[in-house]
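So the sequences go chain by chain: A and B. Start counting at 1 in the first sequence, then tack on 29, and there's your number in our numbering. Start counting at 1 in the second sequence, then tack on 8, and there's your number in our numbering. For glycine and all other residues, C-beta sits at the position ideal for the given N, C-alpha and C. Heads up: the structure comes next, in structure tokens.
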Amino acid sequence: MSTAYGLTAVSLVVAATVLIGMFGLRISRTTSDFYVASRTVSPLRNASAIGGEYLSAASFLGIAGLILAYGADMLWLPVGWTGGYLVLLVLVSAPLRRSGAYTLPDFAEARLESMTVRRVTSVLAVLIGWLYLMPQLQSAGLVLRTAAGTPVWVGTVLVAVVVTINVLSGGMRSITMVQAFQYWLKLTALAVPVLFLLIAWRQDAAPGLGGDAPPTFPERTTVSIGTDVTVRVPAPVTVEVRGRVDGAGRAGPLTLTAGEHTVARDTVVTFPAGAAVPHVADLPVRTDAEWLRPLAGREYPMYATYSLILATFLGTMGLPHVLVRFYTNPDGRAARRTTVLVLGLLGAFYLLPALYGALGRIYAPELLMTGRTDAVVLTLPGRLIGGTLGDLLGALVTAGAVAAFLSTSSGLAVSVAGVIAQDLMHGGVRSFRVATLLALLVPLGLALSVRALAVADVVGLAFALAASTFCPLLVLGIWWRRLTVAGALAGLIVGGGLAGTAVAWTIIGGPPGGLAGALLAQPAAWTVPAAFAVMIGVSLITPRSVPAGVARTMVRLHTPETLAVDRGTWHPKGA
Amino acid sequence: MSGRPQRVLVTSPRTRAARRPRRPVTREIDEQTGLGEVYMRSLIRSQLRLGLTVCTVLGVLVGGLPLLFGLVPELREARVGGLPLAWLLLAGLIYPMFVLCGWWYVRQAERNERDFAELVDRDR
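Shown next, in the form of structure tokens:
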């Protein structure tokens, strides 16, 4: 892709986002405006906004990349990210809206009448938000590098700055408009190029993916290495090298023996047509037939699949930026209807990444060598469709990717800032502004210092943390009267502690090999049941700390708004 | 009170059924009487049962797939119309199923609420 097109696409989306944000400034005046857009947004716009906010860089770039690398097992990621909304719909949506809470800590306070639970919930919401923001900012760096050739940190810092300006200038109302716009932009940005890609694939005699060999370079291919990598060469091959291989500077032909080789960054290697693709050391080598098959992706595939299903289906309801959207529905009934629309919008979008993953396996297998599989969506248009059309389509997917991390980061920043402003500061618009800076500086620091993992993997860890803490709190809080303050606290601390340890271990140290590694990289299968068990068990042995107003709260959560009943007098702070 | 019990006049009402004082159920709920609690519990139970039904269907259909692929290895290789079965299901058909499940749930949940509202408002 030419740099000019890529830069134009990035600037256009950034400008549009900031402009719509500025436009929103004139109509957002009160604190309530800032937090929830005054609850006057129509269901379709609200659903588009939820979709726009939810479809992050992990969905836009990450899924296709993981599918390219690991195959059929990764199809569960988008399935879980959509199915999570179905679980949210049937267990949480209407009661949560009726609770009248703005944020998860609000809900915890309203239901359990305890400031301690509220504070623990606040800390967890901020941690989950930061964990989710970090990979968004990292992938911003990747996109700008691919589109315009800038160093990785430039994109990361740029997006953090744009999101800060956007959130500070508009608050939630403008965010709703920005998000709704960005869902449709993202859908277009994946759907239009994929049509052209499929036409190009048909004209190329529609090569399939059933072979019994790992991927090979379809033609003579020049690979530029972006970071230092260790690759495994399956069979001796003679390549052209410019740069450093195995620690020695090279310029000219070189025969790579079978086995591991280190390639330094900025090295350019040219492979002959038909050569097997060397894989970066931490990606498995799979034949195309294995790749197509479920339960062949990673180690312990059955455990990993179930853990992923649990994390995604139950984690969605616990994401801070997802919940805040439900308060913009006028009532519980609208909250349900909005959620069904969301299911449709997400389903339409998630039909597309698998196509990119499969086409990438055929046409961009060198990403398995560079390790940057997240770039597959950005790489394909230029690879399959040359000329101006290829450049334009490349610019379109770049625009979609920018929209993806701008919208999710904005939504996350708003909700994390909301929690910090209300619970750790004095509340009000001024606190919200200071909190916005805090909400972005920490993940920015993390994004620049922590090693880069696949964006969808880190986001998956955020889901696991949410599923191990907020899912039991919400489900038991809404449906079980005997939940006690002590039970909720114990469950949150055990679930958060276990999942948090696994997350930190995986991100900082990298998971160990074998079963322990699988358990740490996909913790939900053991942390979620543990959190539920502790929350229920401790509640049962501390029946005296059942909140006094539980009966009134249940009336508030479950009776339709049309009935004139006493719903209690609780109001969220800052309303 | 002391001494002999006072005389009490016992009469039969004109209608066949005894007339209850008209007390809306919403007031029973507001005052958290036993009756109000029974109404509330029935609403919550019917909504919870509905929610768990959807979750069970989801658990069996979605949660059963990896197990099925694990137990019947031939299914991992199966193709339908040239496309691998796993991809056809997980990258396609499962999404309309989610929407259908959601749509059905919303209809049922709103029906439960309507029934509850009629029950509660009937005596007003």
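Contact between the region 95-103 of chain B and the region 95-113 of chain A is defined here as three or more beta-carbon pairs at a separation below 8 Å; is this criterion met?
Because the criterion of three Cβ pairs below 8 Å is met, the region 95-103 of chain B and the region 95-113 of chain A touch.
Let me check understanding here. Comparing Cα to Cα, which of A:L475, A:V445, A:G474 lies closest to A464 of chain A?
What you label residue 464 of chain A is simply residue 435 of the first sequence in a count that begins at 1. Taking A464 of chain A as reference, the option from A:L475, A:V445, A:G474 with the minimal CA-CA separation is A:V445.
Going along chain A, which residues have a C-beta under 7 Å from L56 of chain B?
By 1-based counting over the second sequence, the position of residue 56 of chain B is 48. W508, listed in chain order.
So, under 8 Å CB-CB, A554 of chain A and Y335 of chain A are touching, yes? Tell me the CB distance rounded to an integer number of Å.
Stepping through the first sequence from its first residue, residue 554 of chain A is reached at position 525. Stepping through the first sequence from its first residue, residue 335 of chain A is reached at position 306. Correct: roughly 6 Å between the Cβ atoms.
Comparing alpha-carbon positions, which option in A:P540, A:G525, A:T582 lies nearest T556 of chain A?
One-based indexing of the first sequence puts residue 556 of chain A at position 527. Selected option, being the one with the closest Cα: A:G525.
Leaving aside the five residues before and after V563 of chain A along the sequence, list all residues of the same chain whose C-beta is less than 6 Å from its C-beta, in chain order.
Position 534 of the first sequence, counting from 1, holds the residue named residue 563 of chain A. Same-chain partners within the cutoff: A519, G520, V523.
Distance between A559 of chain A and A169 of chain A (C-alpha atoms, nearest Å)
For this step, residue 169 of chain A is matched to residue 140 along the first sequence. For this step, residue 559 of chain A is matched to residue 530 along the first sequence. The straight-line gap separating the alpha-carbon atoms of A169 of chain A and A559 of chain A is approximately 35 Å.
Throw me the rounded Cβ distance for the Q551 of chain A and A318 of chain A pair, which I believe falls under 8 Å.
By 1-based counting over the first sequence, the position of residue 551 of chain A is 522. By 1-based counting over the first sequence, the position of residue 318 of chain A is 289. The pair is not a contact, with the Cβ atoms about 25 Å apart (cut-off 8 Å).
For the beta strand (DSSP E) containing F300 of chain A, list its first residue and its last residue.
Here residue 300 of chain A corresponds to residue number 271 of the first sequence, with the count starting at 1. Annotation for F300 of chain A: the continuous beta strand (DSSP E) segment containing it runs 297-300.
Beta-carbon separation of G440 of chain A and Q208 of chain A under 8 Å?
Here residue 440 of chain A refers to the residue found at position 411 when the first sequence is read from its first residue. Here residue 208 of chain A refers to the residue found at position 179 when the first sequence is read from its first residue. Taking the C-beta atoms as reference points, Q208 of chain A is found nearer than 8 Å to G440 of chain A.
Given E82 of chain A, which residues of its chain have a CB within under 7 Å of its CB, disregarding the five upstream and five downstream residues?
As a first step, residue 82 of chain A is located in the first sequence; it is residue number 53 there, counting from the start. Answer for E82 of chain A: Q208, H350, R354, S436, T437, G440, listed in chain order.
Use the C-beta contact count for M144 of chain A: other C-beta atoms within 10 angstroms, 16 or more gives buried, fewer gives exposed.
Indexing the first sequence from 1 puts residue 144 of chain A at position 115. It is exposed - the Cβ of M144 of chain A has fewer than 16 other Cβ atoms within 10 Å.
Starting from V290 of chain A, trace the beta strand (DSSP E) both ways and give me its first and last residue.
Counting from one through the first sequence, the residue named residue 290 of chain A turns up at place 261. In the sequence as displayed, the identity of residue 290 of chain A is His instead of Val. It spans 288-292 - the beta strand (DSSP E) in which H290 of chain A sits, taken as one unbroken run.
Using a beta-carbon distance below 8 Å, is V46 of chain B in contact with chain A?
The residue labelled residue 46 of chain B in the question sits at position 38 within the second sequence. Output row for V46 of chain B: interface = no.
6 Å Cβ shell around I79 of chain A - same chain, five flanking residues per side excluded
Within the first sequence, the letter at position 50 stands for residue 79 of chain A. For I79 of chain A, where only same-chain residues beyond five positions count, the Cβ hits under 6 Å are R354, V371.
Mind checking the region 98-110 of chain B against chain A and listing, in chain order, the residues whose C-beta falls within less than 8 Å of any C-beta there?
L98, A99, G100, I102, Y103, P104, F106, V107, C109, G110
Going along the chain, which residues of the region 67-96 of chain B sit with their C-beta nearer than 7 Å to a C-beta in chain A?
For the region 67-96 of chain B, residues whose beta-carbon sits nearer than 7 Å to a beta-carbon of chain A comprise V70, G71, P74, F77, G78, R84, E85, P92, A94, W95.
Burial state of A86 of chain B (16 or more Cβ within 10 Å):
Sequence index remark: in the second sequence, residue 86 of chain B carries index 78 (1-based). It is exposed - the Cβ of A86 of chain B has fewer than 16 other Cβ atoms within 10 Å.
Spatial neighbours of Y379 of chain A within its chain, please: C-beta separation below 8 Å, excluding the five flanking residues on both sides.
Residue numbering aside, residue 379 of chain A sits at position 350 when the first sequence is read from its first letter. So the list reads S88, I92, P107, V108, W110, T111, once near-sequence residues are dropped.
Positions along the region 71-99 of chain A whose CB lies within less than 7 Å of some CB in chain B:
none
Any beta-carbon of chain A closer than 8 Å to the one on T19 of chain B?
Here residue 19 of chain B refers to the residue found at position 11 of the second sequence. T19 of chain B does not count as touching chain A.
Sheet register partners of P282 of chain A (DSSP bridge)
Along the first sequence, one-based indexing puts residue 282 of chain A at 253. Note: P282 of chain A sits in a beta bridge opposite A:E269.
Based on DSSP bridge pairs, tell me the residues matched to V445 of chain A.
In the first sequence, counting from the first residue as 1, residue 445 of chain A sits at position 416. None, per the DSSP bridge assignment.
Near A340 of chain A, what residues of its chain come up, given a Cβ to Cβ distance below 6 Å and the 5 sequence neighbours on each side ignored?
Walking along the first sequence from the start, residue 340 of chain A turns up at place 311. Taken in chain order, the residues that qualify are F492, A493, A496, A553.
Where does P92 of chain B sit, in a helix, a strand or coil, going by DSSP?
Mapped onto the second sequence, residue 92 of chain B falls at position 84. If DSSP states are grouped into helix, strand and coil, P92 of chain B belongs with the strands.
Output the distance between the C-alpha atoms of A229 of chain A and F246 of chain A, rounded to the nearest integer angstrom.
Numbered from its first residue, the first sequence carries residue 229 of chain A at position 200. Numbered from its first residue, the first sequence carries residue 246 of chain A at position 217. For A229 of chain A and F246 of chain A, the distance between alpha carbons rounds to 18 Å.
Quick check for students: name the residue ranges of the alpha helix (DSSP H) that lie wholly in the region 371-454 of chain A, counting only runs of 4 or more.
382-392, 396-399, 405-413, 416-448
Residue closest to T179 of chain A, alpha-carbon to alpha-carbon, out of A:T32, A:A287, A:R573:
Mapped onto the first sequence, residue 179 of chain A falls at position 150. Checking every option, the nearest Cα to that of T179 of chain A belongs to A:T32.
Where Y34 of chain A and L91 of chain B are concerned, what is the direct C-alpha to C-alpha distance, given to the nearest angstrom?
What you label residue 34 of chain A is simply residue 5 of the first sequence in a count that begins at 1. What you label residue 91 of chain B is simply residue 83 of the second sequence in a count that begins at 1. Answer to the nearest angstrom: the Cα atoms are 36 Å apart.
Between L127 of chain B and chain A, is the shortest Cβ-Cβ distance under 8 Å, so that the two count as touching?
Taking the second sequence and counting its residues from 1, one reaches residue 127 of chain B at position 119. Cβ-Cβ to chain A under 8 Å: no for L127 of chain B.
Between W110 of chain A and chain B, is there a C-beta pair that is closer than 8 Å?
Numbered from 1 along the first sequence, position 81 holds the residue referred to as residue 110 of chain A. No, W110 of chain A lies away from the interface with chain B (no Cβ there is under 8 Å from its Cβ).
For A305 of chain A: DSSP bridge partner residues
As a working note, residue 305 of chain A is residue 276 in the first sequence. The partner list for A305 of chain A (beta bridge, DSSP) reads A:T245.
Where R34 of chain B meets chain A, residues with beta-carbon distance less than 8 Å
Position 26 of the second sequence, counted from the first residue, corresponds to residue 34 of chain B. Looking at the sequence itself, residue 34 of chain B is Thr, so the reference to Arg does not match. Those are L592, A593, V594, listed as they occur along chain A.
Ends of the alpha helix (DSSP H) at T357 of chain A?
Stepping through the first sequence from its first residue, residue 357 of chain A is reached at position 328. Membership of T357 of chain A in any alpha helix (DSSP H) is not indicated, and neither H nor E is assigned to it by DSSP.
Listed by chain order, chain A residues near V16 of chain B by CB distance under 7 Å
Locating residue 16 of chain B in the second sequence gives position 8, where the first residue counts as 1. The contacting residues do not exist; V16 of chain B stays about 37 Å from chain A at best.
Beta-carbon of P589 of chain A versus every beta-carbon of chain C: anything under 8 Å?
Absent here is chain C; the protein component of the structure consists of chains A and B.
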